Amino acid sequence: MSEPAKGISRADVSHLAGLARIDLSEAELDHFAAELPAILEHVAVVQQAAGDDVEAMSHPVPVNNVFREDVVVPCLTPEEALAGAPASEQQRFLVPKILGED
Amino acid sequence: MTTETLVPVDEALTRYDPVMGLEIHIELNTTTKMFCGCPTEFGAEPNTQVCPVCLALPGALPVVNAKAIESAIRIGLALNCEIAEWCRFARKNYFYPDMPKNFQTSQYDEPIAFDGHVDVEVDGETYRIDIERAHMEEDTGKSLHVGGSTGRIHGADFSLVDYNRAGIPLIEIVTRTIEVPGDKAAAVARAYVSYVRDLIGGLGVSDVRMDQGSLRADVNLSLKPKGSTTLGTRSETKNVNSFRSVERAVRYEISRHAGILDQGGSVLQETRHFHEDTGTTSSGREKSDADDYRYFPEPDLAPVSPSREWVEELRATLPEPPAVRRARLQADWGFSDLEMRDTIGAGALQLVADTIEAGATPQAARKWWLGEMARRANEQGADLDSLGITPLQVAEIQALIDAGRINDKLARSVFDGVIAGEGTPEEVIVGRQLEVVSDDGALGDAVDRAIAGDPDAAQKIRDGKQAAAGALIGAVMKEMRGQADAGRVRELILEKLT
Numbered sequence: 000m001s002e003p004a005k006g007i008s009r010a011d012v013s014h015l016a017g018l019a020r021i022d023l024s025e026a027e028l029d030h031f032a033a034e035l036p037a038i039l040e041h042v043a044v045v046q047q048a049a050g051d052d053v054e055a056m057s058h059p060v061p062v063n064n065v066f067r068e069d070v071v072v073p074c075l076t077p078e079e080a081l082a083g084a085p086a087s088e089q090q091r092f093l094v095p096k097i098l099g100e101d
Numbered sequence: 000m001t002t003e004t005l006v007p008v009d010e011a012l013t014r015y016d017p018v019m020g021l022e023i024h025i026e027l028n029t030t031t032k033m034f035c036g037c038p039t040e041f042g043a044e045p046n047t048q049v050c051p052v053c054l055a056l057p058g059a060l061p062v063v064n065a066k067a068i069e070s071a072i073r074i075g076l077a078l079n080c081e082i083a084e085w086c087r088f089a090r091k092n093y094f095y096p097d098m099p100k101n102f103q104t105s106q107y108d109e110p111i112a113f114d115g116h117v118d119v120e121v122d123g124e125t126y127r128i129d130i131e132r133a134h135m136e137e138d139t140g141k142s143l144h145v146g147g148s149t150g151r152i153h154g155a156d157f158s159l160v161d162y163n164r165a166g167i168p169l170i171e172i173v174t175r176t177i178e179v180p181g182d183k184a185a186a187v188a189r190a191y192v193s194y195v196r197d198l199i200g201g202l203g204v205s206d207v208r209m210d211q212g213s214l215r216a217d218v219n220l221s222l223k224p225k226g227s228t229t230l231g232t233r234s235e236t237k238n239v240n241s242f243r244s245v246e247r248a249v250r251y252e253i254s255r256h257a258g259i260l261d262q263g264g265s266v267l268q269e270t271r272h273f274h275e276d277t278g279t280t281s282s283g284r285e286k287s288d289a290d291d292y293r294y295f296p297e298p299d300l301a302p303v304s305p306s307r308e309w310v311e312e313l314r315a316t317l318p319e320p321p322a323v324r325r326a327r328l329q330a331d332w333g334f335s336d337l338e339m340r341d342t343i344g345a346g347a348l349q350l351v352a353d354t355i356e357a358g359a360t361p362q363a364a365r366k367w368w369l370g371e372m373a374r375r376a377n378e379q380g381a382d383l384d385s386l387g388i389t390p391l392q393v394a395e396i397q398a399l400i401d402a403g404r405i406n407d408k409l410a411r412s413v414f415d416g417v418i419a420g421e422g423t424p425e426e427v428i429v430g431r432q433l434e435v436v437s438d439d440g441a442l443g444d445a446v447d448r449a450i451a452g453d454p455d456a457a458q459k460i461r462d463g464k465q466a467a468a469g470a471l472i473g474a475v476m477k478e479m480r481g482q483a484d485a486g487r488v489r490e491l492i493l494e495k496l497t
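So the sequences go chain by chain: L and S. Residue numbers for the first sequence follow numbering that gives the first Met the number 0, so the first one is 0 and each next one is one higher. Residue numbers for the second sequence follow numbering that gives the first Met the number 0, so the first one is 0 and each next one is one higher.
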């Protein structure tokens, strides 16, 4: 889990947009390449508030081991499950052709 | 597709040493999913085992299945791993329709189990495989690709997704690099996967069926020139679905890598797909920018901190270690070292054990699994446990032989019928009219005809040469199309002639 970026380049913005599947125009790339570093600077101020003796935390309260028993609870019906799907077929979610394979 | 230059494995190994890494995914057999209470039954109608959590509907809150944690710890302990005192889940972010949250809940740098090892045996030699980690994650949904000519993704017009499998708990077991003598690499890889199957099957935490996908193996392989210490670029062959295929995938990749390196080329770091029919791999997907998974700690799930008391309690539930178990079984069964080694090498240890448990003698169980069943598996290019016949059925068929209802030859036909789905062994015998004839009336007539047809043999028996009965028994068996009780036939012949 990487350190927060100190700066952010236009190439970084383009890379992040690709990962997020957001299609940014050249003008938008320029815009965000200028805007995101400013946001990061503000965040950096907050990071300074915690001294080196304060560990980074992922959870707001120190609670461990929240488990449930291995017992079945009722599911959705297929009709309910598919109710919000833009398209379905054969009781399955229909999604567009997938390009990348894995 | 480019034509690949393949170098025969033996030749490749004169110039290169293979370095392997194996990843095994184990689907746990918990009653419910990893983070929600949906059932996990195999083969259910599509999208009947889904809820807001595993469909990633807004506002849904995942909660960890305690049984899955318990199973993960037991697997870690069985692999001689350390169990983390505190660990978290992490989000592995990527977009793919079989993962509705757009991330997979997994573990990143804090696996629940780490630094283990197992010892596997090949041709009487023991090889230590170091385990880097065993971590918890969830399975994905299943996509059905429609419209493409081949059913693979390329060329598909759209995909249909069933999320029943999404969220089923998985344990991913990752080895450290495995460097063994090149000529043993493929066999060691196979032996390791087979060993892990037996080990985890023995824990009762998974069905460990490769043919049903509850155990899936990925084979990572690279070559380094002999004498070099620099690792080569590896390929990752995904979802190799049988023990035999693990072995073949290793051999194929050795040949393929050597072909590229011999010509001064570089191996692409990519995923490859293994093809069962041809024993070859084909290019899947090159590593790319999209593999930046941006792992971060899962904020919706509390960290897991198994107490040392709990870990020790679970350690106490572990079955005896495999080496101890094998020694005990060998003594119980009265197998020679060679018989035992063959049984393990064939991946038949558990099948033989279950068959004996179901009532067959050790030698009968070994005979069927290493003879008839191994031959069928070999012909079909399948593993023994995916033939469609269970240890219980083998034991039932042996019991029918012991009762004189069928003989070994007819038993083969009963196996055919059971595998073809014609019902229980009993039903197959009735359906195919396979029962041996031990009725003295019918047999007596056939014996009379055999004696009349071979007066020379008959005279020899009258003269006290009982060995001559073989010819007459053969004639009777032929007339009865094999469906005679040979022992009774012999008795009748001797009664009539002596």
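Beta carbons are placed, not taken as given, at the ideal position from N, Cα and C, and that holds for glycine. Please read all numbers here as calculations on a predicted model, not as lab measurements.
| query | result |
| --- | --- |
| Buried or exposed: where does LEU493(S) fall if 16 or more other Cβ atoms within 10 Å of its Cβ makes it buried? | exposed |
| Quick check: LEU471(S) and ASP484(S), are their CB atoms within less than 9 Å of each other? | no |
| Quick check: the Cα distance between GLU68(L) and PRO38(S), rounded to an integer number of angstroms? | 13 Å |
| For ILE74(S), which residues from the same chain have a beta carbon less than 8 Å from its beta carbon, with the 5 sequence-adjacent residues on both sides left out? | ILE25, ALA112, ALA133, ILE170, ILE172, ILE199, LEU202, VAL204 |
| So what does DSSP say about VAL446(S), is it helix, strand or coil? | helix |
| Do LYS91(S) and ALA55(S) have their C-beta atoms within less than 9 Å of each other? | no |
| Given a threshold of 16 other Cβ atoms within 10 Å of its Cβ, counted over all protein chains shown, does ILE21(L) qualify as buried or as exposed? | exposed |
| Please list the residues of the region 62 to 91 of chain L that have a C-beta atom closer than 7 Å to any C-beta atom in chain S, keeping them in chain order. | VAL62, ASN63, ASN64, VAL65, PHE66, ARG67, GLU68, ASP69, VAL70, VAL71, VAL72, CYS74, LEU75, PRO77, ALA80, LEU81, GLU88, GLN89, GLN90, ARG91 |
| Anyone know if the C-beta pair for TYR93(S) and LYS183(S) falls short of 9 Å? | no |
| Can you find the residues in the same chain that come closer than 7 Å, C-beta to C-beta, to GLU297(S), ignoring five residues on each side of it along the sequence? | ARG87, PHE88, ALA89, ARG90, THR104 |
| I need the DSSP call for GLN349(S), collapsed to helix, strand or coil. | helix |
| Cβ of ARG127(S) less than 9 Å from any chain L Cβ? | no |
| For the ligand MG, I want to know if THR76(L) counts as a neighbour, meaning its beta carbon is within less than 8 Å of at least one of the ligand's heavy atoms. | Looking at this structure, you won't find the ligand MG or any other ligand, since it has none at all. |
| Please identify the residue among ALA248(S), LYS237(S), GLY231(S) whose C-alpha is closest to the C-alpha of GLY263(S). | GLY231(S) |
| Quick check: what's the CA-CA separation for SER193(S) versus PHE242(S)? | 7 Å |
| With a Cβ-Cβ cutoff of 9 Å, do PHE34(S) and VAL52(S) count as a contact? | yes |
| When the Cα of ALA67(S) is compared with those of THR30(S), LEU143(S), THR270(S), which residue comes out closest? | THR30(S) |
| Can you give the beta carbon distance from VAL417(S) to LEU433(S), rounded, assuming they're within the 8 Å contact cut? | Not confirmed; about 12 Å, so no contact. |
| Using a 10 Å radius around the Cβ and a threshold of 16 neighbouring Cβ atoms, would you call ASN377(S) buried or exposed? | exposed |
| Kindly list the residues whose CB is nearer than 7 Å to the CB of ALA467(S), restricted to its own chain and excluding five residues on each side of it in sequence; keep chain order. | ALA456, LYS459, ILE460 |
| Do LEU337(S) and VAL393(S) have their C-beta atoms within less than 9 Å of each other? | no |
| Checking 9 Å against the spacing of the C-beta atoms, do GLN397(S) and ALA419(S) come in under that value? | no |
| First and last residue of the beta strand (DSSP E) that includes PHE102(S)? | 102 to 105 |
| So, helix, strand or coil for GLU27(L), using DSSP? | helix |
| Buried or exposed: where does SER265(S) fall if 16 or more other Cβ atoms within 10 Å of its Cβ makes it buried? | exposed |
| Anything in chain L within Cβ reach of PRO45(S), meaning under 8 Å, just list it in chain order. | PRO77, GLN89, GLN90, ARG91 |
| Please check if any C-beta of chain L sits within less than 9 Å of the C-beta of GLY36(S). | yes |
| Could you check the C-alpha separation between GLU78(L) and ASP291(S) for me, to the nearest Å? | 36 Å |
| Quick one: is SER8(L) near chain S, going by C-beta distance under 9 Å? | no |
| So the candidates are GLY20(S), ASP438(S), GLY403(S), SER385(S); which of them puts its Cα closest to the Cα of ASP206(S)? | SER385(S) |
| Let me know if GLN113(L) comes out buried or exposed under the rule of 16 or more other beta-carbons within 10 Å of its beta-carbon. | The structure shown does not extend to residue 113(L), since chain L is modelled only from 0 through 101, so no value can be given for it. |
| Please look up how many angstroms separate the CB atoms of LEU491(S) and GLY443(S), rounded, as I've assumed it's under 8 Å. | 6 Å |
| In three-state terms, what does DSSP make of ILE541(S)? | Because chain S spans 0 through 497 in this model, residue 541(S) falls outside it and cannot be assessed. |
| Shorter than 9 Å from the beta carbon of LEU56(S) to some beta carbon of chain L? | yes |
| On the premise that GLU478(S) lies in contact with ALA445(S), defined as a C-beta separation below 8 Å, what is that separation, rounded to the nearest angstrom? | 5 Å |
| So, using beta-carbon positions, are PRO361(S) and GLY387(S) closer together than 9 Å? | no |
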